[in-house]
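Chemist: Residue numbers (my numbering): 618 to 895.
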Amino acid sequence: MRRATAPRSTLTRHRHGSLPPGTVPAAAGPSRTEKARRTGGGHGPCLFHPHFEKGTRMRTRTVLALTGAVAALVLPAAVPASAADAAVLTTGGPGGTAVAAGDVLNASLAAGTNATLYSSSTGTSGVSCSSSAFTATVTGNPTAPGTATESVTAHTFDAASCTSNVVGVLGVNSIRIDNLPYTASVTSAGSLTITPPAGSTVQTTVSLRTLLGSITCVYRAPSLSGTASNTDNSITFTNQQFTKFSGSSLCFNNGYFTAKYAPVKDTTQSGAPSVFVN
Numbered sequence: 618m619r620r621a622t623a624p625r626s627t628l629t630r631h632r633h634g635s636l637p638p639g640t641v642p643a644a645a646g647p648s649r650t651e652k653a654r655r656t657g658g659g660h661g662p663c664l665f666h667p668h669f670e671k672g673t674r675m676r677t678r679t680v681l682a683l684t685g686a687v688a689a690l691v692l693p694a695a696v697p698a699s700a701a702d703a704a705v706l707t708t709g710g711p712g713g714t715a716v717a718a719g720d721v722l723n724a725s726l727a728a729g730t731n732a733t734l735y736s737s738s739t740g741t742s743g744v745s746c747s748s749s750a751f752t753a754t755v756t757g758n759p760t761a762p763g764t765a766t767e768s769v770t771a772h773t774f775d776a777a778s779c780t781s782n783v784v785g786v787l788g789v790n791s792i793r794i795d796n797l798p799y800t801a802s803v804t805s806a807g808s809l810t811i812t813p814p815a816g817s818t819v820q821t822t823v824s825l826r827t828l829l830g831s832i833t834c835v836y837r838a839p840s841l842s843g844t845a846s847n848t849d850n851s852i853t854f855t856n857q858q859f860t861k862f863s864g865s866s867l868c869f870n871n872g873y874f875t876a877k878y879a880p881v882k883d884t885t886q887s888g889a890p891s892v893f894v895n
């Protein structure tokens with residue numbers, strides 16, 4: 618009968634033979650598979666390890682988020698720079714080319730409208746003209762928002778286009794604007810103010826033909842207010858009150874001036890482009 622033998626064991630066998638008698642076997646170390654799992658194959662962290670991949674994605678998202686935040690802070694400040702640099706008065710459109718100081722602006726009555734000087738703000742008795750124009754020279758045009766200034770050197774009314782429905786008045790000889798030049802101030806909000814020279818007034822002298830001959834009516838106002846619009850490049854005056862300073866009893870005591878001038882053009886520039894307010 619063959620003699621039975623005990624199975625070999627890594628705990629009872631040495632690599633090159635049996636353990637010496639009385640030697641306590643050392644605990645088995647981690648297998649190569651275990652080492653590879655812990656160290657990522659012995660070549661540093663594994664790029665495809667789920668924990669490493671997750672951390673990489675998180676860091677990438679953080680960098681992208683920071684980059685986006687910086688862009689969000691920088692871009693809004695840069696985008697409106699051109700608009701912020703626009704002058705109050707421009708040609709070519711809102712935010713366009715600045716109107717230069719010294720340029721001459723001109724406008725006639727808007728098509729199909731009349732300039733009127735009525736005896737009341739709600740009435741229709743007085744003088745009406747279908748042809749009128751003004752000329753102004755730009756004296757200041759700062760960066761918007763701000764106030765541009767102009768010197769109004771002429772404001773005319775063509776007497777041939779004027780009529781009067783005042784009882785006893787046969788016609789209009791002339792309408793003259795006195796005490797020029799006036800200062801016109803235009804704000805970025807579109808507000809327009811006309812002021813006379815210091816110590817003077819905005820003055821209109823109207824000469825009328827009557828049954829008894831010609832009479833002269835003089836009207837004055839401390840200033841005029843109007844509005845500017847980019848819709849049709851216009852300036853509009855509505856019921857601006859004048860008070861009679863002198864004249865016949867046929868001259869009404871108050872005159873309310875209404876007119877719309879459009880388009881306002883820069884006649885110094887080639888092609889006389891329309892003027893916009895910013």
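Glycine is no exception: its CB is placed at the ideal position from the N, C-alpha and C atoms. Note that the structure is a prediction, hence the values are computed from the model and not measured.
Please report how far the alpha carbon of G719 lies from the alpha carbon of G788, in whole angstroms.
Modeler: When rounded, the distance between both Cα atoms is 38 Å.
Chemist: Give me the residue from S745, L722, V784 and T756 with the minimum Cα distance to A777.
Modeler: The shortest Cα separation from A777 among S745, L722, V784 and T756 belongs to S745.
Chemist: Provide the residue span of the beta strand (DSSP E) that contains N856, from first to last.
Modeler: S851 to S863
Chemist: Under three-state DSSP, which class holds S778?
Modeler: The answer is helix: DSSP assigns S778 an H, G or I state.
Chemist: Please state whether DSSP places C834 in a helix, a strand or coil.
Modeler: strand
Chemist: Please give the ranges of any beta strand (DSSP E) in the region 700 to 781, keeping only runs that are unbroken, at least 3 residues long and fully inside the region.
Modeler: Counting only runs of at least 3 residues, the region 700 to 781 fully encloses the following beta strand (DSSP E) elements, listed from N- to C-terminal order: 706 to 708, 721 to 725, 732 to 735, 743 to 746, 749 to 757, 764 to 774 and 779 to 781.
Chemist: Note the first and the last residue of the continuous beta strand (DSSP E) segment covering A806.
Modeler: No beta strand (DSSP E) holds A806; DSSP gives it neither H nor E.
Chemist: Mapping DSSP to helix, strand and coil, what is N870?
Modeler: Coil at N870, not helix or strand.
Chemist: Using 8 Å as the Cβ pair cut-off and three pairs as the minimum, do the region 875 to 890 and the region 705 to 721 touch?
Modeler: yes
Chemist: So, with DSSP's three-state summary, where would you put S892?
Modeler: Note on residue identity: the sequence assigns Val, not Ser, to residue 892. V892 falls in the strand class under three-state DSSP.
Chemist: What is the rounded straight-line gap between the Cα of T730 and the Cα of S851?
Modeler: 12 Å
Chemist: Give me the DSSP bridge partner(s) of A845.
Modeler: I852
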